[in-house]
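Note that the protein sequences, when read in sequence, are chains S and G. Just add 30 to wherever you are in the first sequence, counting from 1, and you've got the numbering used here. Just add 30 to wherever you are in the second sequence, counting from 1, and you've got the numbering used here. Reading through the structure tokens given below for one structure.
There are 2 protein chains.
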Amino acid sequence: MGASRTLGVVGAGQLGRMLHQAAVSHVIGPETTIRFLAEHPDEPAVQVAPSWEIGAAMSADDLTRFAKGCDVVTFEHEVVDLQAIRALERAGAVVRPSAAALAIVADKVAMRRAVQGAGLPVPPWCQVADADQLDDAIGRWPSVVLKLSRGGYDGRGVFMPDSADEAARIGRTLLQAGAVLLVEPRIAFEAEAAIIVARRPGGQCVVYDPVRTEQVDGQCREVRVPSGLAPAVAARCREVAIAAAAAVDVVGLLAVELFVLDGGNVVVNELAVRPHNTGHHTIDACVTSQFENHLRAVLDLPLGDPSLRCDAAVMVNVIGNAAGDDPVDHLEAALALDPAARIHLYGKRARPDRKLGHVTVCADEVDDAAARAWAVVAALHGDGRP
Amino acid sequence: MGASRTLGVVGAGQLGRMLHQAAVSHVIGPETTIRFLAEHPDEPAVQVAPSWEIGAAMSADDLTRFAKGCDVVTFEHEVVDLQAIRALERAGAVVRPSAAALAIVADKVAMRRAVQGAGLPVPPWCQVADADQLDDAIGRWPSVVLKLSRGGYDGRGVFMPDSADEAARIGRTLLQAGAVLLVEPRIAFEAEAAIIVARRPGGQCVVYDPVRTEQVDGQCREVRVPSGLAPAVAARCREVAIAAAAAVDVVGLLAVELFVLDGGNVVVNELAVRPHNTGHHTIDACVTSQFENHLRAVLDLPLGDPSLRCDAAVMVNVIGNAAGDDPVDHLEAALALDPAARIHLYGKRARPDRKLGHVTVCADEVDDAAARAWAVVAALHGDGRP
Numbered sequence: 031m032g033a034s035r036t037l038g039v040v041g042a043g044q045l046g047r048m049l050h051q052a053a054v055s056h057v058i059g060p061e062t063t064i065r066f067l068a069e070h071p072d073e074p075a076v077q078v079a080p081s082w083e084i085g086a087a088m089s090a091d092d093l094t095r096f097a098k099g100c101d102v103v104t105f106e107h108e109v110v111d112l113q114a115i116r117a118l119e120r121a122g123a124v125v126r127p128s129a130a131a132l133a134i135v136a137d138k139v140a141m142r143r144a145v146q147g148a149g150l151p152v153p154p155w156c157q158v159a160d161a162d163q164l165d166d167a168i169g170r171w172p173s174v175v176l177k178l179s180r181g182g183y184d185g186r187g188v189f190m191p192d193s194a195d196e197a198a199r200i201g202r203t204l205l206q207a208g209a210v211l212l213v214e215p216r217i218a219f220e221a222e223a224a225i226i227v228a229r230r231p232g233g234q235c236v237v238y239d240p241v242r243t244e245q246v247d248g249q250c251r252e253v254r255v256p257s258g259l260a261p262a263v264a265a266r267c268r269e270v271a272i273a274a275a276a277a278v279d280v281v282g283l284l285a286v287e288l289f290v291l292d293g294g295n296v297v298v299n300e301l302a303v304r305p306h307n308t309g310h311h312t313i314d315a316c317v318t319s320q321f322e323n324h325l326r327a328v329l330d331l332p333l334g335d336p337s338l339r340c341d342a343a344v345m346v347n348v349i350g351n352a353a354g355d356d357p358v359d360h361l362e363a364a365l366a367l368d369p370a371a372r373i374h375l376y377g378k379r380a381r382p383d384r385k386l387g388h389v390t391v392c393a394d395e396v397d398d399a400a401a402r403a404w405a406v407v408a409a410l411h412g413d414g415r416p
Numbered sequence: 031m032g033a034s035r036t037l038g039v040v041g042a043g044q045l046g047r048m049l050h051q052a053a054v055s056h057v058i059g060p061e062t063t064i065r066f067l068a069e070h071p072d073e074p075a076v077q078v079a080p081s082w083e084i085g086a087a088m089s090a091d092d093l094t095r096f097a098k099g100c101d102v103v104t105f106e107h108e109v110v111d112l113q114a115i116r117a118l119e120r121a122g123a124v125v126r127p128s129a130a131a132l133a134i135v136a137d138k139v140a141m142r143r144a145v146q147g148a149g150l151p152v153p154p155w156c157q158v159a160d161a162d163q164l165d166d167a168i169g170r171w172p173s174v175v176l177k178l179s180r181g182g183y184d185g186r187g188v189f190m191p192d193s194a195d196e197a198a199r200i201g202r203t204l205l206q207a208g209a210v211l212l213v214e215p216r217i218a219f220e221a222e223a224a225i226i227v228a229r230r231p232g233g234q235c236v237v238y239d240p241v242r243t244e245q246v247d248g249q250c251r252e253v254r255v256p257s258g259l260a261p262a263v264a265a266r267c268r269e270v271a272i273a274a275a276a277a278v279d280v281v282g283l284l285a286v287e288l289f290v291l292d293g294g295n296v297v298v299n300e301l302a303v304r305p306h307n308t309g310h311h312t313i314d315a316c317v318t319s320q321f322e323n324h325l326r327a328v329l330d331l332p333l334g335d336p337s338l339r340c341d342a343a344v345m346v347n348v349i350g351n352a353a354g355d356d357p358v359d360h361l362e363a364a365l366a367l368d369p370a371a372r373i374h375l376y377g378k379r380a381r382p383d384r385k386l387g388h389v390t391v392c393a394d395e396v397d398d399a400a401a402r403a404w405a406v407v408a409a410l411h412g413d414g415r416p
């Protein structure tokens, strides 16, 4: 029997919940506990896991207290007090991914610099910290996207103004609030793709198949695999993702969101160092899920096979609608509609635009999988049978 | 939002643990809790689930108290105080499977009668309650098997004497202890098979593919699917299983263990009304696991597709060896050996003959899957690479 060990997970949302589900298979036992730092006692992971404590990921005190009880600390989101994480590392805590990796992804400017510095392709961009830089950036491209360098998530913090005037207005407002911006041209892309790498401390890594994603207002709606990308483009995505994982020196998961440009070039749009929405299909469609591989990576265990185990899979998010319908109320109809659909609900109160769950359908053909997954999501919204 | 609801599970062993893992997907939420009645605070399900209380399944008081907090009560084992369960039903509790179904499977004589009474095939057998009946039974067949009618499990309570004299000696000892026995001839069979049915209150059911099982001393060692049974035999297994589920009027799962006789006839050996060891492969090899379908059935939700999602799968149990080796100590080697193997460890202290976990390998071909699964189990026992 090994020594007793606690894996601490900062955050207790749906990603923590799915990490816990994966940890039941062979991680949790008399010697290994998984413990969550939760903001509230009704969070998704708290509903399903026995070990948690209340605390804020942005509080140095809470993080420090939490880490004291843990042998390894990992994260289900990146909105954490980085100073505290750095201090914990200096004091000898095992933090995976590291504070350095978290710092890169917590700041879109730092992220761009890191990716570019590793010789990897990024879209044109510039940092904007004052009004002169703003005007310069807006003048540089026909239309621009403004992104808060820090603090945005899930489409929040990204602005797509319709004109240069509107860009200037929004930009000034954000700068006055003290923000630093990343400004880039609106890119014409052929597709949005994403790819997930799991990486151990020694650098061993496995890579999932690239997926094609559909985003609405910066929020992931649908993930398709196979991606339909040309083999050379898919290979380039893999190559870029592995290089990015090494550049960030991530331990755990790295999710890389890419734009595939007309002509087949790819550029890195965003990075995340945690389980990612574009990998939720891996629970039902891959030999080893992203969640299990995150656990294996941060516990320095050999990684699992990331291969697809079906010809095609589509994941569609269940996102709270304007009416505030609760998908739980329509679960029975959704289960009846498609006995092979894999329905995941996170135990969150229904609110507009909130990610409440996801549905994955595995099938022989990707369009068939998509039609079926969207039909089940419609049923979960109470929209009746399609 | 629906009304708040608690599903109570009597028992907190590995079956409860895997039920909990399945319940994370879409059962547990702000309105639905799953709660375990555990004998000890270190049991497999308690390690992974937030809601449980200590109590004995054989204690009427504990069961009654537990049931008071539950809207639906189900079971992960059948060693329960049936009188108390009957009283709970009379008082209006929703118990699934019912006391009547539990009573049938808790007593091998009652089980045989029920199966036979439904017109389904069983081996030759007789009930033995005194010495005269014992002598009569022993004289009837060249060699016999003695089974305790009540209280046996996992090979315990089954005796295979080598001679008539030994049979008489063992039988008398058991009778003197107050036991009732089921005595049957040792049957020459071509194969042992098992099949699992999930059944809702209204009678809707789904049936898993029959599997071929290998038992050692009455304990399940290996499960193979496809079973290799002739199509007509497999069809007969399905037919018998569905009829048995209706005869028992089970709500939840019915596992049917069968002997396939030379010539292809099948006879029902045993029934269980809960998730079953012969269905553990369904977690990784089927669209919907037996655990998820048990939950759906007892919550009266539409059942999930039980289809295999790979060409072949083999499950091998990890059973405590004489040396008391803990498979957790060898997890890293086992994970490294086969990145596609699915390793499940239950968090139980290692003891000889104890079921500590299982390994499932999905592959194109069943012998390949078996070789790989056994190799991973060997690695978990610290036996080195094969």
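Beta carbons are placed, not taken as given, at the ideal position from N, Cα and C, and that holds for glycine.
Problem - Cβ-based burial, S/Arg-95 [other Cβ within 10 Å; buried from 16] - result: exposed
Practice task
With a threshold of 16 other CB atoms inside 10 Å of the CB of S/Asp-195, please say whether the residue is buried or exposed.
Solution key: exposed
Problem - Runs of beta strand (DSSP E) wholly within the region 147-187 of chain G (minimum 3 residues, chain order) - result: 156-158, 174-178
Handout entry: chain G residues whose Cβ lies nearer than 9 Å to that of S/Cys-340
Key = Arg-339
Exercise for the section: Closer than 9 Å, Cβ to Cβ, to anything on chain G: give me those residues from the region 222-241 of chain S, in chain order. Expected result: Taking 9 Å as the Cβ-Cβ cut-off against chain G, the residues of the region 222-241 of chain S that qualify are Val-236.
Practice task
Determine the contact status of S/Val-110 and S/Ala-87, defining contact as a CB-CB distance below 8 Å.
Solution key: yes
Handout entry: Near-chain G residues of the region 52-63 of chain S - C-beta to any C-beta below 7 Å
Key = Val-54, Ser-55, His-56, Ile-58, Gly-59, Pro-60, Glu-61
Practice task
Measure the alpha-carbon distance for G/Pro-154 versus G/Glu-214 and round it to whole angstroms.
Solution key: 6 Å
Exercise for the section: For the beta strand (DSSP E) containing G/Leu-375, list its first residue and its last residue. Expected result: Judged by DSSP secondary structure, G/Leu-375 falls within the beta strand (DSSP E) whose first and last residues are 372-375.
Problem - Span separating the alpha-carbon of S/Gln-146 from that of S/Gln-77 - result: S/Gln-146 and S/Gln-77 have their C-alpha atoms some 41 Å from each other.
Problem - Unbroken beta strand (DSSP E) run spanning S/Glu-196, endpoints - result: For S/Glu-196, no beta strand (DSSP E) run applies; the uninterrupted alpha helix (DSSP H) run containing it begins and ends at 194-206, by DSSP.
Practice task
Measure the CB-CB distance between S/Ala-342 and S/Ala-403 and report whether it falls below 8 Å.
Solution key: no
Handout entry: Closer than 8 Å at the beta carbon, the chain S residues around G/His-50
Key = Val-54, Val-78
Problem - beta strand (DSSP E) segment containing S/Gln-249, residue limits - result: Per DSSP, S/Gln-249 belongs to the beta strand (DSSP E) from 249-255.
Practice task
Counting only the same chain and skipping the five closest in sequence on each side, list residues whose C-beta sits under 7 Å from that of S/Leu-178.
Solution key: Gly-187, Leu-204, Ala-209, Leu-211
Exercise for the section: Return the CA-CA distance between S/His-374 and G/Ala-401, expressed in angstroms with no decimal places. Expected result: 34 Å
Handout entry: Cα-Cα separation between S/Leu-288 and S/Pro-80, rounded to whole angstroms
Key = 37 Å
Handout entry: Beta-ladder partner(s) of G/Leu-37, from DSSP
Key = G/Ile-64, G/Val-102
Problem - Assigned secondary structure, G/His-388 (DSSP; H/G/I helix, E/B strand, else coil) - result: Residue state, collapsed to three classes: strand.
Exercise for the section: Mark G/His-50 as exposed unless 16 or more other C-beta atoms lie within 10 angstroms of its C-beta, in which case mark it buried. Expected result: buried
Problem - Nearest-angstrom beta carbon gap, S/Ala-327 and S/Gly-282 [assumed within contact, 8 Å] - result: 5 Å
Handout entry: CB contact below 8 Å: S/Arg-47 versus chain G
Key = yes
Exercise for the section: Give every residue of the same chain whose Cβ lies closer than 7 Å to the Cβ of G/Ile-58, excluding the five residues on either side of it in the sequence, and list them in chain order. Expected result: Closer than 7 Å at Cβ, skipping near neighbours: Ile-64.
Practice task
Indicate whether at least one CB of chain S lies closer than 8 Å to the CB of G/Arg-170.
Solution key: no
Exercise for the section: Give a yes or no on whether 8 Å exceeds the smallest Cβ distance from S/Glu-300 to chain G. Expected result: So no, S/Glu-300 is outside the interface.
Practice task
Report the neighbours of G/Pro-332 on chain S: residues whose CB is nearer than 8 Å to its CB, in chain order.
Solution key: Within 8 Å Cβ-Cβ: Glu-362, Leu-365, Ala-366, Pro-369.
Problem - Short CB-CB distance (under 8 Å) between G/Ile-84 and chain S - result: no
Practice task
Work out the CA separation of S/Ala-218 and S/Ala-260 for me, nearest whole Å.
Solution key: 18 Å
Practice task
Count the other CB atoms, across all protein chains shown, that sit within 10 Å of the CB of G/Arg-47; report buried if there are 16 or more and exposed otherwise.
Solution key: buried
Practice task
Enumerate in chain order the residues of its own chain whose CB-to-CB distance from S/Ala-275 is below 7 Å, with the five nearest sequence positions on each side excluded.
Solution key: Excluding sequence neighbours, S/Ala-275 sits near Val-227, Arg-229, Cys-235, Leu-284.
Problem - Straight-line gap, S/Gly-99 to S/Thr-36 (C-alpha atoms, nearest Å) - result: 7 Å
Problem - Identified DSSP bridge partners for S/Glu-83 - result: S/Leu-67
Exercise for the section: Kindly indicate which residue of G/Val-158, G/Val-303, G/Leu-331 has the alpha-carbon position closest to the one of G/Ser-128. Expected result: G/Val-303
Exercise for the section: Could you work out which residue in S/Val-270, S/Val-40, S/Leu-301, S/Phe-66 is closest to S/Asp-137 when comparing CA atoms only? Expected result: S/Leu-301
Practice task
Could you tell me whether the region 321-341 of chain G touches the region 359-378 of chain G, using the rule of 3 or more Cβ pairs below 8 Å?
Solution key: no
Problem - Beta carbon proximity, S/Ile-217 to chain G, threshold 8 Å - result: Chain G has no Cβ within less than 8 Å of the Cβ of S/Ile-217.
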